[in-house]
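The next block holds one structure in the form of structure tokens; read it before the comments.
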Amino acid sequence: MKKTMGLPESFASTYLVVLLLFLQLLTLGSANFSVIGPADLILALEGEAVELPCHLDPKMSAEDMALKWFLPQPSKVVHLFENREDLFGEQTEYRGRTELLREAIDYGSVAVKIRNVRDSDEGKYICSFYDGQERKEAPLELHVVAPLFPRAFPLMVALGVIFPLLGLVIIGGLYLIWKQYRDKGK
């Protein structure tokens, strides 16, 4: 019987097979996943709320993962979720304006809601999922548009409606006077 490092060859080959199986089990234990964000540009109306969604593929719980939404240039944390709780320490411009929507977190589908969207919120965001071994990310792009009719004072709205109507009434009255004058001249 041939010996390898003082051990029988059959024991060494059995040990090698067991070691390979153990390493294979370790890689199976770490979940392979990818993070998917929306394929299209996200449009938001200034002053309104917007959701920045991301989900895992394959579907799996993200409850015990660290989730982070941030702007890479310049680096700004938008929302951070770790150890099953929201962390607000790193937020500056977004403090009090974000919320993690986690109704479907058990299926790996979450979104960050930004309230009172500002023009400065526009940019390319990253959503990041970290399971303790792997960090995966997906890009999102937010475009902020100004409202068609900005918030106006009621007096301005009233004047904006009354003056054009008054103009139409005056033009209509002048037309009727002109028409009567023309008919009398015939």
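Numbers -31 to -1, 1 to 155, taken from mature numbering (1 follows the signal peptide of the UniProt record, and there is no 0), label the letters of the sequence shown in order.
For every residue, glycine included, the Cβ atom is placed at its ideal position computed from N, Cα and C.
A quick note: this is a predicted structure, and the numbers were derived from the prediction, not measured.
- Here the C-alpha atom of D152 lies approximately 36 angstroms from the C-alpha atom of L128.
- Under the 8 angstroms Cβ criterion, the segment 102 to 117 does not count as touching the segment 63 to 77, having fewer than three qualifying pairs.
- Excluding five sequence positions before and after M29, the CB atoms of its chain that fall closer than 8 angstroms to its own CB belong to A(-1), F2, Y76 and G77, given in chain order.
- For the pair of segments examined, the segment 7 to 20 was found not to touch the segment 29 to 44: the number of CB pairs separated by less than 8 angstroms stays below three.
- For E20, the CB contacts under 6 angstroms within the same chain, skipping 5 residues up- and downstream, are A80 and K82 in chain order.
- Annotated three-state conformation of S3 is strand, per DSSP.
- With respect to Y94, A35 sits apart: the two C-beta atoms are not nearer than 8 angstroms.
- For F50, the enclosing beta strand (DSSP E) begins and ends at K45 to E51.
- Contact check for V47 against Y63 passes: the beta carbons are separated by less than 8 angstroms.
- With fewer than 16 other Cβ atoms inside 10 Å of its own Cβ, A115 counts as exposed.
- About 24 angstroms separates the beta carbon of A18 from that of L25, a gap too long to meet the 8 angstroms contact definition.
- At a cut-off of 3 residues, the continuous stretches assigned as beta strand (DSSP E) that sit fully inside the segment 26 to 104 are 35 to 40, 45 to 51, 54 to 56, 67 to 73, 78 to 83 and 92 to 99.
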